[in-house]
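Have a look at the structure below, then the notes.
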Amino acid sequence: MAFFQDPPRIGNQYDDDPMLSSFLARSLPAAELAAIEPELRELGELSGGHFRQLQLADLDNEPVLTQWDPWGRRIDHIELSPLWKEAATLASKHGLVAAGYDRALGPRSRLHQFAMVHIIGPSLDVYSCPLAMTDGAARTLLDSGNQALIERALPHLLSRDPATAWTSGQWMTERTGGSDVGLSETVARQDADGTWRLSGTKWFTSATTAEIALTLARPTGNPDGSRGLALFYVPVRDDAGALSPGISVNRLKDKLGTRKVPTAELTLDSTPAILVGSDSDGVRAITPMLSITRTWNAVSSASGMRRALALARDYAGRRKAFGALLRDKPLHADTLAGLEAEYAGAFLLAFRAATVLGKVERGAADEHEERLLRALTPIAKLTTAKQAVACASEAIESCGGAGYVNDTGLPRLLADAQVLPIWEGTTNVLSLDTLRALGKGGAIEAVVADARAHLAQVKDGGLTAAAGAARDALDHAVGWAGGAMGEPERLEAGARRVAMTLGRSLELAYLCAHAQWCLDRSRGGYAAAAARRFARHGVDLVDDLSRADTLALMR
843 MAFFQDPPRI GNQYDDDPML SSFLARSLPA AELAAIEPEL RELGELSGGH
893 FRQLQLADLD NEPVLTQWDP WGRRIDHIEL SPLWKEAATL ASKHGLVAAG
943 YDRALGPRSR LHQFAMVHII GPSLDVYSCP LAMTDGAART LLDSGNQALI
993 ERALPHLLSR DPATAWTSGQ WMTERTGGSD VGLSETVARQ DADGTWRLSG
1043 TKWFTSATTA EIALTLARPT GNPDGSRGLA LFYVPVRDDA GALSPGISVN
1093 RLKDKLGTRK VPTAELTLDS TPAILVGSDS DGVRAITPML SITRTWNAVS
1143 SASGMRRALA LARDYAGRRK AFGALLRDKP LHADTLAGLE AEYAGAFLLA
1193 FRAATVLGKV ERGAADEHEE RLLRALTPIA KLTTAKQAVA CASEAIESCG
1243 GAGYVNDTGL PRLLADAQVL PIWEGTTNVL SLDTLRALGK GGAIEAVVAD
1293 ARAHLAQVKD GGLTAAAGAA RDALDHAVGW AGGAMGEPER LEAGARRVAM
1343 TLGRSLELAY LCAHAQWCLD RSRGGYAAAA ARRFARHGVD LVDDLSRADT
1393 LALMR
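First residue of the sequence shown: 843, per this note's numbering; consecutive thereafter.
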């Protein structure tokens, strides 16, 4: 009989994740966990079952732009894939945005929200993108104090009713780039009646099907640079779903991954908009949005790693080679175990950021945690994003040739992961952001204190070496950065190595503390094994590389 390889399958994505279940048991009171666990288990079943099957069936479907109707009218209609339409309904019903603002769990509401995102997100083909921007818009509007816009938009952005729920776009990137938004060419002019109108090109808009968007533009007469920009609220569609006046969709972007996301290039031609706050300092006004979306990015990195590992592990139990299952081959098992350790660290760093975010938002954080969040957010985003790409690459390689064949769905893991180090700030940009954050108001002391507080929980002798590696790497990174402060070129050249060392040091510190908690409660040795393996992968990346060699290699 001819041989046909059994494809990888996954089960309940809540029950099958030892990191998530143990972390929630550690972080939530028993009564709170008991209250939300049925929903988490339901989402876990949907993630590994219905939505996973729909994801495979929907593999070839992508957004389609129709610019003209049969009678010559410009309509710029974007038809979404069937999976995305169903994802929108699920997201609103389960409150994947609203849960973050739920008062029942107070400062722990973010843990409930991101636990749901972690479980279901990998089966929704990056529908997390518009959800992240919607969450960021909600936070930005709340922090703006613009009561009229809050009353107008928040009930829709946080709605659990699919009939009234909105998503929000985030239109910052222009032809001049996305990181240096101070180069924005979009102009804002005010009519005699007070109406603001925007004109310019938005080069990369990732939620073009949203009902509203937040964007930057420069009011006429304002100076160049980021301080001359203002933040605007754009009603993207009218009640009938038609695009607002002056918005034209030039094209959908042909991207490596995130193929289901309707990323478009837009032209704004006197498009009506509403000023959110002041008519300057718009970049400062979007800071709350970046804190939210970068946290989503970190959680999505961890959840993507979990999905890649779930598929690779299951495949290892179905694929035979050289007389045995792959999972029984020592080298294959060693490779997957290494990926598990990286996932465990990424998960704890992402969810530490989510934990502190929730406390800061609800006024439950102390001064230490407020300072910590400023540095922890960019560190978590840049560190986990790079881990997600490496993990996806290894996971599809572990499936052999099938991992490279598009219709297995496996290559999508890597293509979608590659957006994570790019969106909301590349690794280099966020490394410099990290250095700036560390230079302000006690942030570096807060990072060190947080790591040491977690390492102080370690009592088991089997974790001593791992804890020491985290402590030594942290001290080296902080000491190096302090010593390089007076040498701008040296500091900038080493910024990535410092930021990644801080990220990996924190991951290992959190892993050691979590492992100790699990050992104390007889919850198995998974976390302790992960901590020991993670430490062996290398934590301290700080070094002074030759500037002369850099220049020679760049000629």
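Here a beta-carbon is modelled for each residue, glycine too, at the ideal position from N, C-alpha and C.
Since we're looking at a predicted model, the values are computed, not measured.
Three-state secondary structure (DSSP) of residue i
i	result
Lys1044	strand
Gln895	helix
Ile852	coil
Trp1359	helix
Pro1087	coil
Gln1012	strand
Ala1370	helix
Arg1031	strand
Leu1094	strand
Gly1124	helix
Arg1389	helix
Gly1243	helix
Ala1377	helix
Ala1394	helix
Ala1166	strand
Arg1039	strand
Gly1024	helix
Gly978	helix
Residue range of the alpha helix (DSSP H) that includes residue i
i	result
Thr1276	Thr1269 to Leu1280
Tyr1157	Thr1129 to Ala1158
Ser863	Pro860 to Ser869
Leu1224	Glu1209 to Glu1239
Gln989	Gln989 to Leu999
Lys1201	Pro1172 to Glu1203
Leu1297	Ala1285 to Leu1297
Ala818	Because the chain in this structure spans residues 843 to 1397, residue 818 falls outside the shown range and cannot be described.
Leu966	Taken as a continuous stretch (DSSP letters only), Leu966 belongs to no alpha helix (DSSP H), as it is neither H nor E.
Residue of the options minimising C-alpha distance to residue i
i	options	result
Ala1237	Gly1251, Ala1312 and His954	Gly1251
Gly1245	Ala1150, Ala1166 and Thr1197	Ala1150
Ser1001	Thr1015, Gly1011 and Ala980	Ala980
Ala1398	Asp900, Val1300 and Lys1097	With the chain covering only 843 through 1397, there is no way to say anything about residue 1398.
Ser1143	Ser864, Gly948 and Val1261	Val1261
Leu1256	Asp1302, Lys1097 and Arg1204	Lys1097
Ala1082	Ile917, Tyr1352 and Phe1189	Ile917
Cys1111	Arg1160, Leu1117 and Thr1043	For the record, residue 1111 in the displayed sequence is Asp; it is not Cys. Closest option to Asp1111, Cα to Cα, is Thr1043.
Ile1221	Gly1200, Asn1248, Leu1272 and His1174	Leu1272
Tyr1352	Ser1145, Ile852 and Phe865	Phe865
Pro849	Asp857, Arg1160 and Val1247	Arg1160
Ile1054	Trp1008, Met1327 and Ala1175	Trp1008
Arg1375	Glu1203, Ser1041 and Glu1184	Glu1184
Leu1117	Asp1275, Thr1057 and Thr931	Thr1057
Ala1158	Arg1169, Phe1164, Ala1152 and Gly1165	Arg1169
Ala1268	Arg1136, Ala1207, Thr1018 and Leu1040	Here the sequence assigns Thr to residue 1268, which means Ala is not the residue at that position. With distances taken between Cα atoms, Thr1268 lies closest to Arg1136.
Ala1288	Arg1216, Gln1358 and Ala995	Arg1216
Ala1012	Ala1059, Arg1332, Asp1003 and Leu966	The sequence shown places Gln at residue 1012, rather than the Ala named in the question. Among Ala1059, Arg1332, Asp1003 and Leu966, the Cα nearest to that of Gln1012 belongs to Ala1059.
Ser951	Arg1278, Asp1302, Leu1199 and Leu1387	Leu1199
Ala1291	Arg1332, Val1320 and Thr1306	Val1320
Asp911	His1296, His919 and Glu904	His919
Trp1045	Trp913, Leu1108, Ala1369 and Leu1153	Leu1108
Leu870	His954, His1210 and Asp902	His954
Endpoints, the beta strand (DSSP E) within which residue i is located
i	result
His1113	Correcting the residue type first, residue 1113 is Thr in the shown sequence and not His. Taken as a continuous stretch (DSSP letters only), the beta strand (DSSP E) holding Thr1113 covers Ala1106 to Leu1117.
Leu1073	Ala1072 to Pro1077
Ala872	That residue, Ala872, is in no beta strand (DSSP E); its alpha helix (DSSP H) goes Ala872 to Gly890.
Thr1057	Ile1054 to Pro1061
Inset, instruction - At 4 residues or longer, and completely inside the stretch 1302-1351: list those alpha helix (DSSP H) runs for me, N to C. - result: Complete alpha helix (DSSP H) runs here, min 4: 1306-1325 and 1330-1335.
Inset, instruction - Any chance you could list the alpha helix (DSSP H) runs of at least 4 consecutive residues sitting entirely within the stretch 892-953, in chain order? - result: You should have 892-899 and 924-935.
Inset, instruction - Decide if the stretch 1115-1131 is in contact with the stretch 981-996; the criterion is three or more beta carbon pairs, one per stretch, under 8 angstroms apart. - result: Contact between the stretch 1115-1131 and the stretch 981-996 is present: three or more C-beta pairs spanning the two stretches fall below 8 angstroms.
Legend entry - Stretch-stretch touch, CB-based, cutoff 8 angstroms, three pairs: the stretch 1082-1101 with the stretch 1016-1024: Contact fails: fewer than three Cβ-Cβ distances are below 8 angstroms.
Legend entry - At least 3 beta-carbon pairs within less than 8 angstroms: the stretch 1220-1232 vs the stretch 1133-1148: Cβ pair count under 8 angstroms is three or more, so yes.
Inset, instruction - May I ask you to verify whether the stretch 955-964 touches the stretch 874-885, counting CB pairs closer than 8 angstroms and requiring at least 3? - result: Cβ pair count under 8 angstroms is three or more, so yes.
Inset, instruction - Flag this pair as touching only if the stretch 943-950 and the stretch 960-975 have three or more C-beta atom pairs under 8 angstroms; answer yes or no. - result: By the Cβ rule, the stretch 943-950 does not count as touching the stretch 960-975, because fewer than three pairs are nearer than 8 angstroms.
Inset, instruction - Would you check if the stretch 868-877 and the stretch 1066-1078 touch, i.e. whether three or more CB-CB distances between them fall below 8 angstroms? - result: Because the criterion of three Cβ pairs below 8 angstroms is not met, the stretch 1066-1078 and the stretch 868-877 do not touch.
Inset, instruction - Determine contact between the stretch 843-857 and the stretch 888-908, defined as no fewer than three beta-carbon pairs at a distance below 8 angstroms. - result: Flag = yes, the stretch 843-857 and the stretch 888-908 touch.
Inset, instruction - Give a yes or no on contact between the stretch 1341-1351 and the stretch 1316-1331, applying the rule of three or more CB pairs nearer than 8 angstroms. - result: Enough Cβ pairs lie closer than 8 angstroms, so yes.
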